[in-house]
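Numbering (our numbering), first residue to last: 4 to 67. Don't be surprised by glycine CBs; every beta carbon is placed ideally from N, CA and C. What you are looking at is a predicted structure, and each value in this text was computed from that prediction instead of being measured. First comes the structure, then the notes that go with it.
In structure tokens, the structure reads:
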């Protein structure tokens, strides 16, 4: 089962730019590799979402 664009997390600025020609190296500059919860929110409210780029998913993990 594949995820639709609406189901995936948005890309970080670095990974969005890395999709353009001559900028592929920016994937390694991305720092949004995990969710960052808002303090005292018990993890329910996210301060920063992880990047939705496939390059950050461990191999074998689902696309959602």
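Practice problem: Determine the DSSP secondary structure at residue 41, reduced to helix, strand or coil. | Solution: coil
Spatial distance of residue 44 from residue 35 (CA atoms)
19 Å
**OP:** Identify whether residue 14 lies in helix, strand or coil by the three-state DSSP scheme.
**Re:** coil
If you draw a straight line from the alpha carbon of residue 20 to that of residue 26, how long is it in whole angstroms? 7 Å
So who's on the other strand from residue 51, going by DSSP bridges? 39
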